[in-house]
Structures are given as structure tokens and as C-alpha cells.
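There are 2 protein chains.
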Amino acid sequence: MTETAPRPTLEAVAARAGVSRATVSRVVNGGEGVREPLVERVRRAVEELGYVPNQAARSLVTKRHDAVAVVIAEPETRVFADPFFALQLRGISKELTAHDSQLVLLLTEGRADHARVGRYLAGGHVDGALVFSLHLDDPLPELVQRAGVPTVFGGRPDWGEGNRSVYVDSDNRGGAREAVRHLVGLGRRRVAHITGALDQTSAVDRLDGFRDVVVDADPRLIAEGDFTPAGGERAMRLLLERCPDLDAVFAANDLAASGALRVLRAQGRRVPEDVAVVGFDDMLPVAEQTDPPLTTIRQDIEEMGRLMAGLLLRALDRRGTPLDDGPGADGGSGVVLPTTLVRRASA
Amino acid sequence: MTETAPRPTLEAVAARAGVSRATVSRVVNGGEGVREPLVERVRRAVEELGYVPNQAARSLVTKRHDAVAVVIAEPETRVFADPFFALQLRGISKELTAHDSQLVLLLTEGRADHARVGRYLAGGHVDGALVFSLHLDDPLPELVQRAGVPTVFGGRPDWGEGNRSVYVDSDNRGGAREAVRHLVGLGRRRVAHITGALDQTSAVDRLDGFRDVVVDADPRLIAEGDFTPAGGERAMRLLLERCPDLDAVFAANDLAASGALRVLRAQGRRVPEDVAVVGFDDMLPVAEQTDPPLTTIRQDIEEMGRLMAGLLLRALDRRGTPLDDGPGADGGSGVVLPTTLVRRASA
DNA sequence: CCCGCGCCGGAAAGCGCTCTCAGCGCCATG
DNA sequence: CATGGCGCTGAGAGCGCTTTCCGGCGCGGG
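From first to last, the protein sequence lines stand for chains R and A. Numbers 69 to 415, taken from this note's numbering, label the letters of the first sequence in order. Numbers 69 to 415, taken from this note's numbering, label the letters of the second sequence in order.
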């Protein structure tokens with residue numbers, strides 16, 4: 069608002085406290101090895117002057133930034149028509165805050181932006197990066213790899229096991245299995261599956277989970293969706309047409325399930341009496357709002373975010389030890405979070 | 069991942085190009101006053117070495133950071149059980165990116181965090197701040213004010229007209245008027261209103277808009293909600309009890325409307341035949357998913373974000389001119405974005 | 001042919017901070 | 001009483017960059 073008043077410097081504090089800059093610096097950074105009376109005097113000077121250290125100057129010499137980049141690719145932001153985004157970010161933020169780190173958000177808009185992100189990461193503005201890259205052909209992983217910035221991925225990257233990378237993911241496959249088992253446990257015999265966008269590992273994993281339970285699934289019982297309500301509708305219509313006798317549907321996410329629900333209702337099928345439906349994600353505003361409320365697989369999104377940040381920070385703390393040492397043997401490692409079945413009315 | 073290789077410095081580039089550091093600096097920052105052959109040589113050296121300027125060192129001398137803080141208070145993140153958040157951020161990000169600025173996200177978790185945010189802003193890490201502070205008693209505005217950081221608010225701050233502050237807001241009052249007029253135009257005579265959380269100006273403004281149209285509204289036709297589905301349900305029940313003859317409801321947002329819809333259906337009222345319902349926000353995953361799909365007031369969230377960022381950046385560019393000069397005379401100014409009615413099935 | 005003006009490029013002074021290193025005073029010891 | 005050692009403080013050297021201030025060079029006019 070008003071003119072930015074010149075901030076007091078270390079020098080000023082030192083002068084006021086009648087000590088050297090070095091001493092002030094020591095006090096400000098933990099006060100080791102400075103005697104009490106001096107500490108007190110410095111503290112007071114800091115207080116009185118309203119001194120706040122200049123981060124730029126500090127970074128210049130320490131080479132730490134206490135900042136972490138969160139990179140989210142454009143396609144994701146569309147998926148973030150759900151609270152996924154906010155929750156994840158919140159978890160990350162909490163963890164970073166606890167470690168006095170800042171969150172720098174990098175949203176990318178298509179290919180052109182990748183160069184920008186690469187430059188930014190390579191520019192050494194941040195200590196590490198959290199990357200959400202759920203698409204198979206995404207150049208982002210490659211990019212951060214080259215930038216040489218310690219990175220943790222959100223969601224299992226698609227590259228082979230050989231590649232060393234750290235990631236946090238939900239137990240998509242296990243969750244899917246649980247969903248389908250629940251359906252089967254209900255006595256359903258013709259369980260269909262609406263997949264997610266199959267260029268994302270989460271969708272592939274959920275499909276795999278489905279297949280784990282419905283071994284030799286009738287291929288006509290599997291329809292490709294894209295995680296959207298519209299895609300869910302399309303898939304459901306196709307499914308109904310191909311297999312009018314289906315008695316259950318496992319949709320790759322709640323959004324798709326909501327679309328399926330609408331088609332089912334429109335075609336006069338009762339849920340769950342005629343067709344039982346299970347979703348995935350437990351995104352509240354959707355799952356609770358559908359009619360009937362959706363039985364679904366919950367994943368703890370916020371915890372995922374927190375974990376990602378935690379993993380990165382820990383790696384950063386013990387720099388030198390490469391990040392990719394960890395539970396997962398020698399080549400990258402992943403942390404997979406459990407999912408739980410939430411029973412509502414739809415199955 | 070691997071050890072962070074030491075980045076090349078200006079010095080290194082200069083050596084390689086056979087010029088002085090100053091010349092390299094000039095070329096890197098726009099290349100004014102350096103002759104073509106030299107420019108070319110420097111460019112090549114930069115390329116070959118993969119030089120990226122060190123932002124910390126640069127900030128230290130320029131006092132610019134090319135970064136803007138986005139401050140979002142915890143209560144908001146709850147509201148962000150909708151895509152509001154993501155969209156807003158996306159708009160902001162786009163604008164900032166176009167101006168080569170970074171987005172630093174500050175999520176606050178309750179009071180304790182305010183000090184942290186204050187310190188951060190005062191610390192001169194960013195050039196300006198975008199603050200979302202929708203609550204009447206929020207200390208955030210006060211805080212950024214004191215930090216002396218140029219700021220643009222998202223949503224009209226609650227303080228009086230006398231206060232100078234820049235903000236961007238939706239035309240909540242106008243939108244509300246339009247919603248209610250639509251209902252009245254449909255021939256509805258007993259229009260009720262479910263308010264939002266009245267400690268937010270948006271809720272107050274929407275209520276005011278309602279009153280603008282329904283002058284001398286029966287106070288029993290107004291029930292306080294809190295922008296949540298649960299609150300909407302409660303309010304709807306209360307309303308039905310007090311005024312069984314109501315024939316329309318304007319809910320302060322879509323979430324509340326969805327709750328109201330459920331209660332209406334449960335009590336056997338047909339929508340829109342018996343009771344017409346209009347929401348606010350047009351948050352797609354909710355508004356399109358309800359049964360029947362919700363007629364609502366749309367606001368362009370992304371544009372709001374873009375505008376906020378644009379306003380701030382422009383102010384930053386012409387530093388010296390205080391931010392609070394602008395269309396709104398001498399004491400702060402606000403930009404209010406129009407809203408539009410989206411007709412679906414509920415009214 | 002020489003001088004002056006203008007433009008180009010280099011030298012150098014920091015920006016605010018951290019951190020090493022040396023020095024000083026004090027206590028414990030011989 | 002002298003000496004070694006240790007703990008605390010201060011001086012100073014940069015971190016990598018921008019930017020001001022000049023010196024030097026090339027050109028046109030006298």
C-alpha cells in the first residue's frame with residue numbers, strides 16, 4: 069500500500085544491540101554459543117526494529133531456499149474439478165509449514181510451459197519438487213530428472229520398475245479389488261467396469277484390480293471411460309446395450325459413477341436393487357450428493373500430500389544420501405497408501 | 069536425484085564468451101546497448117553452459133522477486149470442497165506466468181499461522197500478495213496492511229468504504245437479484261432464501277440482493293445457512309416448517325441448494341413444479357449432478373483470479389504510484405465481475 | 001589532420017547475509 | 001604464579017548478480 073519502508077538489516081540490529089553482525093546472525097539462527105545476556109539484548113533489538121531476515125541474501129550463501137515447488141500439469145487441473153487438488157495441497161502445505169518451507173505452485177498450461185518449468189527448477193529456486201504427473205506420455209518426469217532437483221511424484225509414474233523415482237500413491241489396485249469383492253459378496257454375478265482414462269496409471273491399476281477378482285472377465289463388461297460424468301454416461305449406455313443382464317458396476321471414480329447412475333435411472337434400473345454401483349475416491353460433494361448416495365472406495369488424499377512433502381523434506385535433510393534410497397531397494401521406491409470401502413446406499 | 073551439479077555463474081559465461089560479467093548481464097536482461105556480434109557470442113556461451121541466473125543473487129540487488137503470494141485462509145479451504153479454488157488459482161497462475169512471476173501459495177491453518185504469514189510477507193520474499201479473506205473478523209487484511217505489501221483482495225473485504233483497498237469480487241448482489249427476479253418472473257409468490265455464512269460479505273450481498281427484489285420480505289422466509297449441503301438441509305426444513313406455502317427457494321450457493329433439494333424431495337415436494345430452486349456459483353460437479361439439474365447464477369471464477377493477478381501486477385509495474393489509485397476515486401477500489409443466470413431444470 | 005562527442009564495454013562497488021578464523025578473556029591446572 | 005585450553009565474540013571474505021561510473025574507441029566537423 070504505502071511506500072515500502074526500507075527493512076532493517078542485520079547490521080542495524082547489531083548496531084542497536086552493540087554487538088557484531090555475526091553474533092546477531094547466530095542468535096537469529098538458533099542462538100548456539102552466545103551467552104544469555106547478549107542473546108537477550110539481541111532479541112530485544114530484533115523486536116524493537118521489527119527485523120526480518122532477508123531470504124534472498126540468506127539463500128545466496130546457504131544455497132538453501134526453504135521452498136519446494138509443486139508442479140501440476142494442466143490436464144490435472146481439469147480433473148481437479150474435484151477437491152482432490154485442494155486436499156492434496158493442504159496436506160502438502162501442512163507438512164511444509166511444519167518445516168518452515170514455502171510452497172511454490174507451478175501450474176503448467178500445455179507443452180509450451182514445460183520449458184518454463186524446467187528453467188525454473190534448474191534455476192535453483194527451490195530445494196525440491198513435488199510433481200503430479202499422471203499421464204503416460206508426460207514429459208515432466210524426464211524434465212525434472214534432468215533439472216537435477218530432488219523430486220517426489222504424486223501417483224505412480226508410468227516408467228518401468230528399473231527407473232529410480234520416489235512416489236506416493238493410493239492402493240488403486242487393492243482398492244479396486246475391495247470394491248469388486250464387495251459387489252461379488254453381495255451376490256452379483258455380472259459385474260461390469262467403467263475404466264478411467266487409461267493413459268493414467270491409476271486407471272490402469274484399478275482395471276487390474278477389477279481383473280484380479282473377475283478373472284476371465286467378459287470383455288464386453290469393460291467399457292472405457294475418462295473419469296468424467298459424461299464419460300461415465302457413455303460407458304454405461306454402451307454396457308447396458310452390450311450386456312443388459314449386468315447386475316453391478318464398478319466405476320473407476322465417483323464422477324464416472326454419478327454419470328452411470330443417471331443413465332441407470334433414466335433406463336429404469338433401480339439402484340441398488342437391479343444394479344449395484346461402486347465408485348472410487350469418495351469425493352464427498354459427489355459421492356454424498358448422488359441418488360442414491362454412492363458406495364465407494366476412500367483414499368486419504370490429504371495424507372497423501374502430507375506424505376509426499378514429508379518424504380521430500382526428509383530426503384532434503386539428509387542431502388548427499390541420494391533421495392532414491394529407501395524402503396524400495398535400490399531403484400526408486402514408492403509408498404502406497406491403503407484405501408477403505410465406504411458403504412452407502414448404492415451397493 | 070544425483071548430486072546437484074554446481075550451476076555455472078555469470079562469471080563462467082563471461083569467461084567463455086571472452087567478455088566481462090557486466091556485458092553478459094546486459095545481454096541476459098534484454099541486451100540493450102551491446103553490439104550484435106557480442107550478443108551472439110554471449111548467447112552461445114549461455115546456451116553451451118546451460119546458464120540460468122541465480123534468482124537469489126538477483127533479488128538481493130534488484131529488490132524484485134518476481135513472485136506473488138497467494139494467501140488463503142483455512143476456513144476457505146473448507147469451502148474449497150468445490151473447484152472454486154482450483155479455478156481461481158488457475159486464472160491467477162495464467163496471468164502471473166505471462167508476466168514471469170511465480171506463485172507462492174500460503175495456506176493458513178488457524179490463528180497461529182497468521183504470525184507466520186505476516187512474517188513471510190514482511191520478510192520481503194514477494195512483490196505483492198493476493199489475499200482471500202472472506203470473513204468479517206479476519207485479521208489477515210490488517211496483517212498484510214501492516215506488512216506493507218501491495219495487495220489485492222479476492223472478494224470484497226468487510227471494512228468500511230473509507231478504507232483503501234483493492235479487490236475483485238463477483239456481483240453477488242446483482243446476481244442474487246437476477247436469481248430472485250427469475251423466480252418471480254416464473255410467477256412464484258412466496259420466495260424463500262437460504263443465506264450463506266453471514267460473516268462473509270458474499271453471503272450478506274446475496275441476502276441484500278434477495279431483499280432488493282422481495283422488498284418487505286417475510287422474515288420467516290429467510291433462513292440462515294452456511295454454504296454447506298447440511299446447512300442447506302437444516303434451513304430448508306426450517307423454512308418448510310415455518311412456511312409450508314412457499315413456492316420457491318433461492319439458496320446462497322449450489323451446495324446449500326443441493327441440500328435443500330434433498331429435503332424437498334424427501335418431503336414430497338416436486339421441483340420445480342411445487343417449489344422452484346435457484347442456486348449460486350454454478351459449480352459444475354454439483355449443479356449438473358443434482359436432481360433435477362440446478363438453475364443457478366454463474367460467476368467466472370477463473371477470470372476473477374486472472375483479474376486479481378493482473379491488477380496487482382500492473383500496480384507493481386508502476387510502483388511509486390500507490391496501489392490504491394484507480395477507478396474507485398481516492399479510497400480503494402473494487403472491480404466487480406458480472407454474473408449470468410444459467411437455466412437448468414430446477415427453476 | 002586534430003579535437004570533441006557519443007556510444008560501448010569494463011571495472012568495481014556493493015545488495016544482506018553466513019561462516020570461517022583468529023583473538024581475547026577466563027578458568028583450571030601444574 | 002604461569003600456562004594451556006576452551007568458550008565466546010568480532011572481523012572479514014565472499015555468495016552471484018546488477019548497475020553506476022568511466023575510459024576508450026570511432027566518427028564527424030572545424
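Built from N, CA and C at the ideal position, the CB exists for glycine as well.
Going by DSSP, which residues form a beta bridge with residue i?
| i | result |
| --- | --- |
| R:I365 | R:L409 |
| A:H203 | A:Q268 |
| R:T219 | R:A197 |
| A:V403 | A:V236 |
| R:L171 | R:V136, A:L173 |
| R:F348 | Bridge partners of R:F348: none, in fact. |
| R:F318 | R:H261, R:V346 |
| R:A291 | R:I262 |
| A:A141 | A:T176 |
Is the Cβ-Cβ distance between residue i and residue j less than 7 Å?
| i | j | result |
| --- | --- | --- |
| A:Q268 | A:L202 | yes |
| R:G216 | R:M376 | no |
| A:V81 | A:L117 | yes |
| R:G196 | R:V136 | yes |
| R:V345 | R:A415 | yes |
| A:V139 | A:L164 | no |
| R:V110 | R:A85 | yes |
| R:A324 | R:F295 | yes |
| R:G300 | R:T407 | no |
| A:A247 | A:I365 | yes |
| A:D313 | A:M351 | no |
| A:L204 | A:G186 | no |
| A:A319 | A:R274 | no |
| R:P369 | R:L155 | Residue identity differs from the one stated: residue 369 of chain R is Ile in this sequence, not Pro. The answer is yes: Cβ separation under 7 Å. |
Alpha carbon to alpha carbon, how far is residue j from residue i? Give it in angstroms, no decimals.
| i | j | result |
| --- | --- | --- |
| A:D181 | A:I160 | 23 Å |
| R:H261 | R:A413 | 19 Å |
| A:F277 | A:G327 | The sequence shown places Gly at residue 277 of chain A, rather than the Phe named in the question. Whole-angstrom Cα-Cα distance: 22 Å. |
| R:D237 | R:Q367 | 10 Å |
| A:D280 | R:A291 | 51 Å |
| R:S88 | R:V120 | 17 Å |
| R:V347 | R:E341 | Looking at the sequence provided, one finds Gly at residue 347 of chain R rather than Val. About 17 Å. |
| R:G264 | R:S270 | 8 Å |
| A:G178 | R:E371 | 19 Å |
| A:M304 | R:R330 | 25 Å |
| R:V403 | R:R374 | 12 Å |
| R:A382 | R:P218 | Reading off the sequence, residue 382 of chain R comes out as Arg, not Ala. Each residue's alpha carbon lies about 11 Å from the other. |
| A:L198 | A:L380 | 8 Å |
| A:R245 | A:R337 | 25 Å |
| R:C311 | R:P287 | 11 Å |
| R:L78 | R:V92 | 7 Å |
| R:D315 | R:L362 | 16 Å |
| A:G99 | R:H167 | 40 Å |
| A:F152 | A:V234 | 20 Å |
| R:F200 | R:Q213 | 14 Å |
| A:L157 | A:R302 | 32 Å |
| R:V410 | R:H250 | 11 Å |
| R:V172 | R:D134 | 10 Å |
| A:D169 | R:V96 | A small fix is needed here, since residue 169 of chain A is Ser in this sequence, not Asp. Distance between the alpha carbons of A:S169 and R:V96: 30 Å. |
| A:P76 | A:A90 | 16 Å |
| A:D206 | A:V339 | 38 Å |
| R:E474 | R:E108 | For chain R, the structure presents residues 69 to 415; residue 474 of chain R sits outside this window and is missing. |
| A:L306 | R:E356 | 22 Å |
| R:D392 | R:L384 | Here the model assigns R:D392 a pLDDT of 43, short of 50, so the residue's position is not dependable and the matter cannot be decided. |
| A:G253 | R:R256 | 49 Å |
| A:G388 | A:K162 | Any reading at A:G388 must be qualified, since the residue scores a pLDDT of 46, below 50, and its modelled position is unreliable; the value itself is stated next. Distance between the alpha carbons of A:G388 and A:K162 is about 26 Å. |
I want to check one thing, is the minimum distance from the CB of residue i to the heavy atoms of the ligand FAD below 6 Å?
| i | result |
| --- | --- |
| R:R411 | Although the ligand FAD was asked about, the structure shown includes no ligands whatsoever. |
Inside the stretch 80-136 of chain R only - alpha helix (DSSP H) runs reaching at least 4 residues: 89-96, 104-117, 123-130
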